[in-house]
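When you line the sequence shown up against my numbering, it's residues 159 to 242, in that order.
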Amino acid sequence: MPTRMMRILSLQKMRAIRLAASYIGIPQMVILTKVDLACPLVREDLRKVYLSKYIKEKMEQCSNELGVPVGCIMPVKNYHEEID
């Protein structure tokens, strides 16, 4: 099965699950991970995550594809090791 078709089927499944959860009153939230790796501006200074046009575009894309409001999408950095 082509990758594009698998992606479409995965999105359809996620939308169906989200709609079922909404129907029974379960709130949804999307966690957008690895924002520091996705955008050089954010890699420099994590406080600029909400100023990044790239991250904003990805949040809007996620919102459009899954049907979750942008306000329910949380961009986060993955911490596996942090040494000062």
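No residue lacks a Cβ here, since even glycine has one placed at the ideal position from N, Cα and C.
ARG205 has its alpha-carbon roughly 34 Å from the corresponding atom of ALA174.
Within the stretch 178-218, the complete beta strand (DSSP E) segments at least 3 residues long are 188-190, listed from N- to C-terminus. VAL200 is the residue among VAL200, VAL188 and SER221 whose C-alpha sits nearest the C-alpha of LYS235. The beta carbon of MET217 is closer than 7 Å to those of LEU190, VAL228, ILE231 and PRO233 in its chain, skipping five residues each way along the sequence. Taking C-alpha positions only, ASP194 is separated from GLU215 by approximately 15 Å. A Cβ-Cβ distance of about 17 Å is found for the pair VAL226 and ARG165, leaving them out of contact under the 8 Å criterion. The bridge partners DSSP lists for MET164 come to none.
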